[in-house]
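Read through the structure below, which is laid out as structure tokens, and then see the notes.
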Amino acid sequence: SSTFKISGQVQTQLAIDEEMMKLNGNLKNIISRNWTGLVFGEEGATSTTITLISSLPILSSTTVATITYVDGKVVMKYFVSEAEISTSTLAENVSAFVFDRSPESVSGSQYIYYDAEFTVNGVSRTMNGAVRFY
Numbered sequence: 001s002s003t004f005k006i007s008g009q010v011q012t013q014l015a016i017d018e019e020m021m022k023l024n025g026n027l028k029n030i031i032s033r034n035w036t037g038l039v040f041g042e043e044g045a046t047s048t049t050i051t052l053i054s055s056l057p058i059l060s061s062t063t064v065a066t067i068t069y070v071d072g073k074v075v076m077k078y079f080v081s082e083a084e085i086s087t088s089t090l091a092e093n094v095s096a097f098v099f100d101r102s103p104e105s106v107s108g109s110q111y112i113y114y115d116a117e118f119t120v121n122g123v124s125r126t127m128n129g130a131v132r133f134y
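First residue of the sequence shown: 1, per UniProt numbering; consecutive thereafter.
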């Protein structure tokens, strides 16, 4: 009986680890692309939403993507056209999530910081991460 309990605890920890890795990898992949602007969804030091904008003067179109925390998930909404929105789940089992505004680092590059809490089967773990925004 204790073997099954330990096995369940290990599976829970592995499930949390998997979601943490998915979140960090997906945020790194998306945010480190060549976006020309970033807007925090709320005023203040933290926000549950950021909007990424890519606009080039040569092209008349603007690309917009939003990363937000909603219903226990971190999702990205990508505006394919004015009438079509593509939604991707970046991580699940998220019980709390927030982006932190970051000051410019010494090298002049910027990082987007985030804090997340994951909960699986009543077990919670928090993580802090950062993704470089060019």
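Every residue, glycine too, gets a C-beta built ideally from N, C-alpha and C.
Straight-line measurement puts the Cα of V39 at about 9 angstroms from the Cα of T49.
Sequence-distant Cβ neighbours of T36 in its own chain, meaning closer than 7 angstroms and more than five residues away, are I53, S54 and S55.
If you check the CB distance, I16 and V120 come in under 7 angstroms. The stretch 91-98 makes contact with the stretch 70-80: 3 or more CB pairs, one atom from each, lie closer than 8 angstroms.
Y78 and A116 have their C-alpha atoms roughly 22 angstroms apart. Using a Cβ distance threshold of 7 angstroms, Y113 and R132 do not count as a contacting pair. Considering only M20, S7, L27 and N34, the residue with the shortest C-alpha distance to Y134 is N34. From the listed residues T126, N24, T62 and V98, the smallest Cα separation to S47 is found for V98.
DSSP places Y111 inside the beta strand (DSSP E), whose first and last residues are Q110 to V120. For Y78, the enclosing beta strand (DSSP E) begins and ends at K73 to S81.
The Cβ-Cβ distance between T66 and T87 does not fall below 7 angstroms.
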